[in-house]
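Peer 1: In terms of our numbering, the sequence shown opens at residue 21 and continues consecutively.
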Amino acid sequence: MFANHDETGYSEPVEGIEMKTLVYGDKTLLVRFKMTKGALLPSHTHPHEQIGYLVSGCINLYIGSKCHNAVPGDSWCIESGAEHRAEVLEDSVAIEVFSPVREEYLP
Numbered sequence: 021m022f023a024n025h026d027e028t029g030y031s032e033p034v035e036g037i038e039m040k041t042l043v044y045g046d047k048t049l050l051v052r053f054k055m056t057k058g059a060l061l062p063s064h065t066h067p068h069e070q071i072g073y074l075v076s077g078c079i080n081l082y083i084g085s086k087c088h089n090a091v092p093g094d095s096w097c098i099e100s101g102a103e104h105r106a107e108v109l110e111d112s113v114a115i116e117v118f119s120p121v122r123e124e125y126l127p
């Protein structure tokens, strides 16, 4: 699978957070998130391992009870079932990989 970059096809699962599935295979899925300053990703869990990279902006990422202040170039891995949430401190873009594929994120 190959995808050319474009700015269409985003959904907004949470106010101020837009997402677009870029590509996916049998075991992994790649998503781009555009987040608006002030947006809050509520605390949640899921059975997928989640690996992320902050392209731009600044967020506070909470994994369990620990807060990580993420700036461009920072990356993270959230284990399956781990509680996590985020506060968007600046307009931000993140790229994340989920494994196994999150069926609800398929186009």
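Glycine included, C-beta positions come from ideal geometry on N, C-alpha and C. Keep in mind it's a predicted model, so treat the numbers as computed, not measured.
(1) Here's the rule I'm using: 16 or more other beta-carbon atoms within 10 Å means buried, otherwise exposed. How should Phe-22 be labelled?
(2) Between which two residues does the beta strand (DSSP E) containing Leu-109 stretch?
(3) Roughly how far, in whole angstroms, is the beta-carbon of Tyr-44 from the beta-carbon of Leu-126, given that I think they are within contact range, below 8 Å?
(4) Among the candidates Asn-89, Pro-62, Ala-59 and Leu-50, whose CA atom is the shortest distance from the CA of Glu-116?
(5) What first and last residue would you give for the beta strand (DSSP E) that runs through Ala-90?
(6) Of all the options Lys-86, His-68, Gly-72 and Gly-84, which has the alpha carbon lying nearest to the alpha carbon of Ser-119?
Peer 2: Taking the definition as stated:
(1) exposed
(2) Element bounds for Leu-109: n/a, residue is neither H nor E.
(3) 7 Å
(4) Leu-50
(5) 86–90
(6) His-68
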